[in-house]
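Using this note's numbering, the first residue of the sequence shown is number 86, and each one after it goes up by one.
We put the beta carbon where it would ideally sit given N, CA and C, even for glycine.
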Amino acid sequence: MPLVPMKQILDEAIRGGYGVGAYNVNNMEQIQGIMQAAAETNSPVIIQASRGALKYTKMLYLKYIMVAAAEDNPQIPISIHLDHGNNFDTCRQAIELGFTSVMIDGSLKEDSKTPTTFDENVEVTAKVAEYAHKFGVTVEGELGTLGGIEDGVGSGVSKLTDPSEAEKFVKLTGVDALALAIGTSHGAYKFKEAPVLALDIVTEVKKRLPDTPLVMHGSSSVPKELIDIINNYGGNMKHAMGVPMSSIQEAIKRGVKKINVDTDGRLAITGAIRRYFSEHPDVIDPRDYFGEARKAVYETVKSKMIDFGTAGHAQDYKPLALTDMISIYKK
Ligand SMILES: [Zn+2]
86 MPLVPMKQIL
96 DEAIRGGYGV
106 GAYNVNNMEQ
116 IQGIMQAAAE
126 TNSPVIIQAS
136 RGALKYTKML
146 YLKYIMVAAA
156 EDNPQIPISI
166 HLDHGNNFDT
176 CRQAIELGFT
186 SVMIDGSLKE
196 DSKTPTTFDE
206 NVEVTAKVAE
216 YAHKFGVTVE
226 GELGTLGGIE
236 DGVGSGVSKL
246 TDPSEAEKFV
256 KLTGVDALAL
266 AIGTSHGAYK
276 FKEAPVLALD
286 IVTEVKKRLP
296 DTPLVMHGSS
306 SVPKELIDII
316 NNYGGNMKHA
326 MGVPMSSIQE
336 AIKRGVKKIN
346 VDTDGRLAIT
356 GAIRRYFSEH
366 PDVIDPRDYF
376 GEARKAVYET
386 VKSKMIDFGT
396 AGHAQDYKPL
406 ALTDMISIYK
416 K
């Protein structure tokens, strides 16, 4: 199966009434763990790389592991997506590399820290969308800013999305998917107490933009089980807290179709390796502990695919190629 444009995966998720996780990756074990979960649960999947991940892997290495994932799992629709592109050039590079989807985060300036004005955001997002669509590549934009900082991305200040601005933004830019700020936050220390998300914003935006898949960033749940493993084996993660699965499921019902998950994958890996080292102080073969890490990613992602409702939907539709999308965008 060729790599699929993310727009198709998300449009189908609107039709089917479920959410699709977008899992951040940096290495082979993460990708293999995610693909094992997708294959077993028969789920379409979005694999995404941040700029930090592309730098760490010198881009090409990560790209070819992603391509290998698609070749190894011909029955699963897979989209490869750039997370938080900071300017036009980063997005152009990802498109050249073969990504089937890019995010241009025009809510922040190129430094990924300073918030932009609405007009600045529209300008860069529209430019990326016009360019990407020529290649059939999907574009995600963001309006409003999240709290928290991850991979160097974030202003640290949260500003919730205004639904009437969201409607204007999508019309002016032509983006295929829109990330909303509804009170979630990047990283493992999102909240001091269980968060109340601004889910009314999702409902209101969905009413105005029924065909636009909405995206939730900063949506790791930071499960207590994973934190406990880390802390029980020498880690020190006090007061970590994420978004409860019940809030994510409610957001999916109201119109969120892409759920970004990075932190939970990190927690799963860190806990598995800490435990393995502690229980096997004599082991020196990296395959042993990386293998445990891969299994932990698999288990974490598998349970999300079930909870988001993605499971069982991999064969609902015939995957499109980017070339098919080019003519769809022309119309
Ligand atoms: Zn994000």
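Asked, Found
"Is ASP271 near ligand 1, judged by its Cβ being under 7 Å from some heavy atom?", "Note that residue 271 corresponds to His in the displayed sequence, not to Asp. Correct: HIS271 has its Cβ closer than 7 Å to ligand 1."
"With three or more beta-carbon pairs closer than 8 Å as the criterion, would you say the stretch 244-262 touches the stretch 199-216?", "yes"
"Looking at VAL89 and PHE393, is the spacing between their C-beta atoms short of 8 Å?", "no"
"Looking only at its chain, what residues have a beta carbon closer than 7 Å to the beta carbon of ARG360, apart from the 5 residues adjacent to it on each side?", "ILE314 and TYR318"
"Below 8 Å CB to CB, which residues in the same chain sit around GLU377 once its five sequence neighbours on both sides are set aside?", "ALA357, ILE358, ARG360 and TYR361"
"For the alpha helix (DSSP H) holding LYS350, just list the boundary residues, first then last.", "Looking at the sequence itself, residue 350 is Gly, so the reference to Lys does not match. First-last of the alpha helix (DSSP H) with GLY350: 348-364."
"At a cut of 8 Å, does the stretch 402-413 reach the stretch 144-157 through at least three beta carbon pairs?", "no"
"Taking C-beta to C-beta, are ALA262 and THR223 nearer than 8 Å?", "yes"
"Please report the residue range of the beta strand (DSSP E) in which LEU228 lies.", "223-228"
"Between TYR103 and VAL290, what straight-line distance do the alpha-carbon atoms span, to the nearest angstrom?", "17 Å"
"What residues match up with LEU257 in a beta bridge as DSSP calls it?", "Paired residue(s): none; LEU257 is not in a bridge."
"Please state if the CB of PHE184 and the CB of HIS166 are separated by a distance shorter than 8 Å.", "yes"
"Could you check the C-alpha separation between ASN158 and THR202 for me, to the nearest Å?", "42 Å"
"At what residue ranges does the stretch 260-345 contain a whole run of the alpha helix (DSSP H), taking only runs of 4 or more?", "284-293, 309-317 and 330-339"
"For TYR99, which beta-bridge partners are listed by DSSP?", "Strictly speaking, residue 99 in this sequence is Ile, with Tyr absent from that position. Answer by DSSP bridge pairing: none, since ILE99 is not bridged."
"Go through its chain and collect everything with a Cβ distance to ALA399's Cβ below 8 Å, but skip five positions before and after it.", "ALA123, ASN127, SER128, PRO129, GLN160, ILE161 and PRO162"
"Within 10 angstroms of its Cβ, does GLU227 collect 16 or more other Cβ (buried), or is it exposed?", "buried"
"Between the alpha carbons of ASP401 and LEU182, how many angstroms are there, rounded?", "28 Å"
"Among LYS212, HIS218 and TYR274, whose alpha-carbon lies nearest the alpha-carbon of GLY233?", "TYR274"
"So, with DSSP's three-state summary, where would you put VAL187?", "strand"
"CB-CB under 8 Å to THR230, same chain, minus the five flanking residues each way: which ones, in chain order?", "SER192, LEU193, PRO200, GLY239, SER240, VAL242, SER243, LYS244 and ALA266"
"Taking 7 Å as the cut-off, does the CB of HIS166 come closer than this to any heavy atom belonging to ligand 1?", "no"
"Distance, Cα to Cα, TYR216 vs THR297?", "19 Å"
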